[in-house]
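The numbering of the sequence shown is our numbering, which starts it at 1136 and goes up by one.
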Amino acid sequence: MEKLQLISGRGNQTIAKKISKLLRIPLTPIKQETLADGEIYVRVLNSVRNSDVFVIQSLSRPVNDNLMELLITIDALKRASAKEITVVCPYLCYSRQDRKAVSREPITSKLIADLITRAGADRLLTVDLHVDQIQGFYDIPVDVLIAYPLFAQYLLKKKYKNMVVVAPDTGAVRRGRKLATLLNVPLVIVDKRRPEHNKAEIVSLIGDVEKKTAVILDDIIDTGGTVSYLADVLKERGAKDVIICATHALFSKEAPQKLQDCAVSKILVADTVELTPDKKIKKVEIISMVPILAKVIKRIHDGKSLGKLFKWEDKEAPL
Ligand code: R5P
């Protein structure tokens, strides 16, 4: 069998190191430099000939540099005769640009798929895509892990009472319904509009939040506008407590301050994006995707089914 090798980009080195530790496979040494003019230089320092290589790179800030570094790394691996290249991308950038909402817009998410595939990736492993249809932009296998069962585990362990799951927009309904089913609680749907980028406007709530512990489930916290504003609205409508569960903690601009100041008692996020110390606020608790990512990497390498890892899917509500 081909040798399994792990390579870390500079996008989320913490998660890469943890995966490597858990799998007891050292990271393959690599040289990565940003040159004086802004170009990126990459050289893999060990042989990868005939190896099954997993490149771990999260595509958060600096988004475009991390993306370019990933593409260059894939190219280096391809030219060094790696047998299989799996891109492990805990956070996939540009996933919100998944369709033309108005004329003359690009579908950047499709462009990213073309770039990753054209560079030479054989497979993509990622976590909580903004919309599942993005899988169809790739002509290579795409495995998508999900964080909400880990959030459910946490909430059940803490024995929160009288919960409702809140889907912050219509796009989040399917994911919200799955969490609500796991927790066996009702789902509340928010009719949210976006008058412009990074601005949210709540039109109405479908469902009752009075005296409830409202659990907002979102895939991304970017500027924190959506969830902090929604938390305040839920409180105004009589929610007893508000908890946020979100996979990708981008925490751009003033998000940490907004989240600290809003009517939320706890924020659960996954570790798909590396949180710098200035973004680690007290309310935030990090739920690690490392054990599941490590398991999946091993199973992909061994050619084993991933379905068995997702037993909770049996409990999902039908679409
Ligand atoms: C939107 O469709 C996403 O699911 C998130 O709700 C959104 O990206 C969050 O952005 P922000 O934190 O800037 O409101």
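Backbone N, C-alpha and C define an ideal beta-carbon position, used for all residues, glycine too.
Within its own chain, the residues whose Cβ lies closer than 8 Å to the Cβ of Q1395, once the five positions on either side in sequence are excluded, are I1416, K1417, K1418, listed in chain order. In the displayed model, S1195 falls within coil according to three-state DSSP, outside both helix and strand.
Relative to ligand 1, the nearest heavy atom lies less than 7 Å away from the CB of I1356. Taking 7 Å as the cut-off, the C-beta of G1311 does not count as close to any heavy atom of ligand 1.
A distance below 6 Å between beta-carbons, with the five flanking residues on each side excluded, links L1141 to the following residues of its chain, in chain order: S1155, I1160, L1162, F1189.
The continuous stretches of alpha helix (DSSP H) do not include L1322, which lies in the beta strand (DSSP E) extending over residues 1322-1331.
The Cβ atoms of I1356 and L1322 do not sit closer than 8 Å to each other.
Boundaries of the beta strand (DSSP E) around R1178: 1175-1179. Bounds of any alpha helix (DSSP H) do not take in L1410, whose DSSP letter is neither H nor E.
A Cβ-Cβ distance of about 5 Å is found for the pair L1403 and F1286, placing them in contact under the 8 Å criterion. The beta-bridge partner set that DSSP reports for H1383 consists of I1355.
Secondary structure note for D1343: it is in no alpha helix (DSSP H), with a DSSP letter that is neither H nor E. Between S1193 and the set L1202, V1237, Q1167, N1185, the nearest pair of CA atoms involves L1202. S1143: member of the beta strand (DSSP E) spanning 1139-1143, first to last residue.
Ligand 1 approaches D1304 closely enough that one of its heavy atoms is under 7 Å from the residue's Cβ. Between the C-alpha atoms of S1423 and L1158 there is a straight-line separation of about 15 Å. Taking all protein chains shown into account, Y1226 has 16 or more neighbouring C-beta atoms within 10 Å of its C-beta and is therefore buried.
Shown here for I1242: same chain residues with a beta carbon closer than 7 Å to its own, the five before and five after excluded, namely Q1232, D1233, R1234, K1235 in chain order. C-alpha of D1249 to C-alpha of K1375: approximately 46 Å in a straight line. The DSSP assignment places complete beta strand (DSSP E) segments of no fewer than 3 residues inside the stretch 1209-1260 at 1219-1224, in order along the chain.
In the three-state DSSP reduction, T1169 falls in the strand class (E or B). With a cutoff of 8 Å on beta-carbon distance, A1398 and D1353 are scored as not near each other. For S1400, the closest alpha carbon among the candidates Y1295, P1164, H1436 is that of Y1295.
Sixteen is the threshold: since fewer than 16 other Cβ atoms of the shown chains lie within 10 Å of the Cβ of S1238, the residue is exposed. One Cα belongs to D1406, the other to G1144, and the distance between them is close to 15 Å. In the structure shown, E1336 adopts extended strand secondary structure according to DSSP, grouped into three states. A1215 sits close to V1183, with the two beta carbons spaced by under 8 Å. Proximity of the beta carbon of D1353 to ligand 1 is indicated: a heavy atom of the ligand is located closer than 7 Å. Annotation for V1300: the continuous beta strand (DSSP E) segment containing it runs 1298-1302. If the five residues before and after L1441 are omitted, its C-beta is found closer than 7 Å to the C-beta atoms of D1278, V1431, R1434, all from its own chain and listed in chain order. Per the C-alpha coordinates, the member of A1254, D1304, T1149 positioned closest to I1337 is D1304.
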